[in-house]
Each structure stands twice: as C-alpha cells, then as structure tokens.
Amino acid sequence: MTARTGILVALLLLLAAVPPVAALLNEPFYLDLLRRVMIFAIAAISLNLILGYGGMVSFGHAAYLGIGAYAVGVLDHHGISNGWLQWGIAVGASALIAAAIGSISVRTSGIYFIMITLAFTQMLYYLGVSLAEYGGDDGLRLKMRSQLSGLIDLNDATAFYYLVFAILVLFLYVTHRLVNSRFGQVLQAVRSNEARTRAIGISPYPYRLAAFVISGAMCGLAGALLANQTSFLTPEFMNWTRSGELMFMVILGGIATTAGPLLGAAALLLMEDLLQGWSVLPKWVHEHWQLYLGVILVLVVLFARRGLAGLLPGKNE
Amino acid sequence: MNLVLVAEQTLNGLQLGVMLFLLAAGLTLVFGIMNLVNLAHGALYMVGAYLTTWFYQNTGSFALAVALGLAGTLVVGIVVELVALRTLYERDHLDQVLATFGLILFFNELVAILWGRSAIYSTLPPYLSGHVELFGTMRYPLYRLVIIGIGMAVAVLLWFVVSRTRLGMLIRAGASNRAMVAALGVDIRLLYTIVFGFGAALAGLAGLLAGPIFAVQPGMGELILIQVFVVIVIGGIGSIRGAFAGALIVGMVDTMGRAFLKPVLSALISPAAGDAAGPALASMLIYLLMAAVLAFRPEGLFPSRGS
C-alpha cells in the first residue's frame, strides 16, 4: 500500500467513525454536514472522471444533480415513493440527457465545450423554473424520503449516512478501476495528445462520449441522494454556480487523483460552513463569506496548482 | 396578429440584441486576442450599472453619471487585468474559468456590501423618458430607441477601429499570431491591457444602459453573461462580425419566443398546450438554437480567420 492509498483509507475510516462519535458528543449536526460532504464528493468524483482523466472541462455538471433530484421529486409528487424506481430513473434519465448533451458537446473542445455545457445546463435550469406543476422557482418539498423496501430507512440519520458512505466507497473503487482499465487509459491518452491517439488507430469520440455518459449517470445518483438529504429540491440545484463549485472541489482536492474529489468536497464545504457559522470569526466575515471564498478561490488557482492531493506524499497519478 | 405588436417586439428584440452585442464584442475580443475565458465579464457589466446609478443619484446629472460610470468601469477592468488576469493568459482554460469564477463571487459580494442585496432602481432624466410616435399609430419608449442607436453606433465605431486604424491592425495581428507581433517589437502586454480595458468599458456601457430598464442587483451580470456565451458560440468565437450577427439573432429569437410562442402554440395545438409548453419552450429557445447551429456549423456562423 502506498502512502497515498494509506491516507485515503485513513480518511475513509475517519468518515466511518463519524456516527458513533457524533452520537457520543450528542451533535447530530456533524452527521448531517458530513453526509452532505460525501454526497458532493460523489458528484465531484463523477466530474473528475471527465474533467481530470478525460480533460473535458464540463461547466454544467450541476445539471445531473438537478436531474437526479427532480427524478426523486417528481415521482414523489405523483405518489411514487419507491426508492429503487426513483433512483433507477434518476440514473437512467441522467445518462440519457448526458448522452444527448454529450453527443453535441463532445465533438467540440476547449472553450466551446465549456460554454456549451454551461449553456445546456442553463437551459435545464430555466426548464426547472418554468415547471409550475413542480414548484417552479420555489422548488418542491418531498412528501417522504425514498422508500427502499424497508431495508434501509433514510429517516434514520445513521442508516442514511452509512448508505451514502457505501456508495462513496463503491464509486471511489469503480472510478479507480475504470481509470486504470483500457478504457481509462484511452481516455487519458486522448487528454494528453489527441492526434497521437488517432494515429494509433483509436477514434476518441466514442470513448469521450461514454465517459461523459457514465459521469452524468453517477452524478444523477448524487442528485437523488441530495434530494433525500434536504427533503427538498429547487432549480437552484442546477444553478451554474453549483457547477462552478463542483469544478472547484475537483481542482482544490487535486485534479485526476483518486482522493482529490473527496478532499476537495470536504475542504470546500467545511470552509463554507466555517466562514458562515464559526463563532470565532467576526460577524463581518459571516455576513460576506462569499467575498472571502472568492478570494481564496483565485489564490488557490493562481498558487496551489496541484491541489490538496498535491501536498500528499507520493507521486501524482 | 396585430402588426403594431410585431413591430414593437421587433424593436425590443433589436434592443436586447445590441445590448448583447456590447457584451459579446468585449468578451470575444478578449478571447480572440488573449485566449482568455473571462467569466467575470458579467461582473464588469454589473459594476457599470451600479457605478452609473450611484453617480446619478449623487450628482443629479445623467450625462455626468454616464461618463463617470464608463471611466470607473474602465479603471476597475484595468485593475482586475493587472492584478489577477495577467498571470492567467498562459494558463489553461480550466484555471481561467475557476479564477474568474472566484472574481464573480468577490464582485457580487462586494456590491452587496456597498449597496445592499436588494435591487436598486435607476430612473431616467426627463429628456430620455417618455415615448415617441412611430408609424403614426405606435408609441415606443424613447430610451429603448436611444439604446438601439448607441448600440449601432458602437458597432460602426468598432468596425472602424478594428479594420481601419493602427490599433485595430495590431488587434487583428495579435489575434492571429501573438508571438510574431511581440517579436516585431509591439508591447504585447500593453496591447492586452488596452484591449481588456476596452472590453471592460463596453461591458460597463451595456450595464449602464441596462440600469434604467432592468433591476440593478448583485448577480445581474451572470444572467446576461450566459446568453452572451450563446451569442458568441453561435457567431463564432473571436469574431466581432459573428458577435454582431449572433447578438441580433439571439436577441430577436429570445424576444419573439417570449412574445409569440404561447399564442402560436395555443392557436396551432391547443390553449392548454400553449399555456404549458409556451413559457418553458420560450426560455429554452436560444439554447436549442445554439445546439442546432453547432450541429451544422461547429465553428459558429462566422468563424474568425485567425489562428
């Protein structure tokens, strides 16, 4: 086991230990906060697959968070609370829409790709706003959380926590395997040099599109989890700032690393939480925390180019 | 359908179009020449709107406020370029997107600190308010006609500067081969700062013109910025001609969609369908248009010839 894997395992063990510790301290708030961190980590892992390993700068990844959340919310609104069905549709619909958006955007690269993914997400955002039946601007409150045949009760904070944790571990493992498979190697080859990849007889398009769809589907599940986390959903889930935050998580944690998205999601969300609520900080920080977050963001991009994972021992993948 | 309404909406579309053009021109120039993706362009639009509104409230003279607002946005733009963006030109697009995203958060919060989070409304001086009679039967707000006039004048001026002056020659040369321009002894950093400041001033102009029509509030820049992205993707990135064509197309399609899609769908299919799908489709229309353009011409309608 390398030092890096060791740190990742230690981090996961730490996360696994949160519920008993939170119960001991009688601070259920931490459970909620870290569950949120893990859900965003899942979304960031999915983005890292295309952004980090595929070199596709998707500025529209929040779209799939929204689609996943709306799949749960819309079915719930019509009285269907079966979680297997809701989550299946969340993943399926995300994959389908990712395929549609991807088939157009993956042909392009660079700045076009950034703007197109952003624009399509904005389109879905406005679609959400105009769906008056499902709350429009104000959003939709879930009647009940997804029902998983009585196996896991999502109203039980600890059970929900461990379910999210299990999905996180599974996704970490799956992306790790995917990235090191032939498929992942081709994806990374296209990122490093598209012309050479073509020259050895590989057409990049199907690989990039497949990665885009897989990534969208994974993020759709994160969206379904997020809707259950908040018991509420709004078009704001698809807001372009959300896409920016997801990108920032990946960069902050360390792009194209296994642990990066988890580190980045944890760092960003905990930092937001501290800036907003930490009583040690003066009130003027709480009120305008986004100002400081913006400055931190600019500084990280300008000076800490390898992200948090770059600080860890061992070579960068 | 009533002709007056169509004429009125055409003018509204034109007005939105020139506003988008003012923003798109700066953004596309900065991208074409410095290869910089500047998300904070919308923040400069917001700064222009706030500064002008604030100066107008404090000086009481609209003309003076416009001049100060433009100059102020120019200065803010140049400072941002010198402090933050300069180091980003050589970075990849991802870094540029994130750093300018950080700048957006910073500016939105900064104006919230200075002027509060709620929208402020700017008024018009008496000589710009009121309506004019057009074609005998139609009354149209004078100010909106003024915006169209200014936008068209800026378009002509830009065309003149870019294609007929020495500065324009350097801009075109910089867009097609930066290294060569620098090798010929042109101070490329100064050129970048000038172009960026120029783009910032255009964004500020769009913002100050928008002030009296839209609500001036934090985040106003991003709402329009994403439409501007659609404009330059449709027009072809780096091309001013493309920005102009794209802006008018997007302005027109968006305005017409919002005005007529609902009644047309109601008439063609059913009133229920019109009510349900009309507004949703209208807000998605420009993005669908973008997808259609990209499917047939991935480079946009007027790709720039440089590099």
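Protein chains in written order, with the numbering used here: chain E, 1 to 317; chain L, 1 to 307.
Glycine included, every Cβ here is placed at the ideal spot set by N, Cα and C.
As the structure is a computational prediction, the values presented were derived from the model and not from experiment.
message: Ala243/L and Leu301/L - do their beta-carbons sit closer together than 8 Å?
response: no
Report back the beta-carbon spacing between Gly102/L and Gly294/E to the nearest angstrom; my notes put them in contact at under 8 Å. 5 Å
query = Is any beta-carbon of chain L found at less than 8 Å from that of Thr108/E?
reply = yes
Just the C-alpha distance for Leu158/L and Thr10/L, rounded to the nearest angstrom, thanks.
24 Å
If we ignore side chains and look at the alpha-carbon of each, how far apart do Ala84/L and Thr73/L end up? 16 Å
Counting only beta-carbon separations shorter than 8 Å, does Asp308/L have a partner in chain E? The structure shown does not extend to residue 308/L, since chain L is modelled only from 1 through 307, so no value can be given for it.
query = Quick one: is Ser387/E near chain L, going by C-beta distance under 8 Å?
reply = Outside the displayed span of chain E (1 to 317) sits residue 387/E, for which this structure offers no information.
- Message: For Arg139/L, report the span of its beta strand (DSSP E) as first-last.
- Response: 138-141
Quiz prompt | Spatially closest choice to Asp156/E from Leu168/E, Gly220/E, Asn228/E, by CA coordinates | solution = Asn228/E
Going by C-alpha distance, which of Ile251/E, Ile97/E, Thr258/E, Leu131/E is nearest Val233/E? In the sequence on display, residue 233/E carries Leu and not Val. It is Leu131/E whose Cα lies nearest to the Cα of Leu233/E.
Point to revise | Continuous beta strand (DSSP E) assignments of at least 3 residues falling wholly in the region 179-219 of chain L | key: none
Three-way DSSP call (helix, strand, coil) for Leu148/E in this model: strand
query = For the beta strand (DSSP E) that contains Glu133/L, what are its first and last residues?
reply = 131-134
Own chain partners of Thr137/L with C-beta closer than 7 Å, once the 5 adjacent residues on each side are dropped: Val4
Practice task
Measure from the alpha carbon of Leu187/E to the alpha carbon of each residue in Phe171/E, Arg177/E, Leu172/E, Pro204/E, then state which is nearest.
Solution key: Pro204/E
Give every residue of the same chain whose Cβ lies closer than 7 Å to the Cβ of Val374/L, excluding the five residues on either side of it in the sequence, and list them in chain order.
Residue 374/L is absent from the structure shown; chain L starts at 1 and stops at 307.
**Request:** Quick one: give me the first and last residue of the alpha helix (DSSP H) that Gly264/E is part of.
**Result:** 260-277
So Phe113/E is in the alpha helix (DSSP H); what residue range does that whole segment cover? 110-130
Going along chain L, which residues have a C-beta under 7 Å from Met249/E? Within chain L, no residue comes near Met249/E; the closest Cβ sits about 11 Å away, beyond 7 Å.
* **Beta-bridge partners of Phe232/E, as assigned by DSSP** => Arg141/E
**Asked** Using 8 Å as the limit for Cβ to Cβ distance, is Ala119/E near chain L?
**Response** yes
Legend entry - alpha helix (DSSP H) segment containing Thr123/L, residue limits: Taken as a continuous stretch (DSSP letters only), Thr123/L belongs to no alpha helix (DSSP H), as it is neither H nor E.
Open item on the list: In this structure, how does DSSP classify Gly306/L when only helix, strand and coil are distinguished?
Closed with: In this predicted model, Gly306/L has a pLDDT of only 48, less than 50, meaning its place in the structure is not dependable enough to derive any value.
### Proximity test, Cβ basis, 8 Å: Gly294/E and chain L
yes
- Query: Should the region 252-270 of chain E be regarded as contacting the region 44-64 of chain E, the criterion being three or more beta carbon pairs within less than 8 Å?
  - Reply: yes
key: Alpha carbon of Ala259/L to alpha carbon of Ala277/L, nearest angstrom   = 13 Å
Can you give the Cα-Cα distance for Tyr126/E and Asp187/L, rounded to whole angstroms?
44 Å
message = Tell me which residue opens and which closes the alpha helix (DSSP H) that Pro271/L is part of.
response = 271-296
Which of the three DSSP states, helix, strand or coil, is assigned to Asn82/E?
-> strand
Are the CB atoms of Gly66/E and Arg191/E within a distance shorter than 8 Å? no
DSSP state of Asn316/E, grouped into three classes?
-> Unreliable positioning characterises Asn316/E in this predicted model, as indicated by a pLDDT of 49, which lies under 50. The coordinate reading is nonetheless provided below. Coil, per DSSP.
When you compare only the Cα positions, how much space is there between Met46/L and Gln217/L?
8 Å
Among Ala43/L, Phe55/L, Asp275/L, Ala71/L, nearest to Val228/L - alpha-carbon criterion:
Ala43/L
Using a Cβ cut-off of 8 Å, pull out every chain L residue sitting near Trp240/E, in sequence order please.
Glu222, Ile226
* Are the region 87-107 of chain L and the region 297-310 of chain E in contact at 8 Å, needing three or more beta carbon pairs? -> yes
- List, in order along the chain, the chain L residues whose C-beta lies closer than 7 Å to that of Leu127/E? Ala280, Met284
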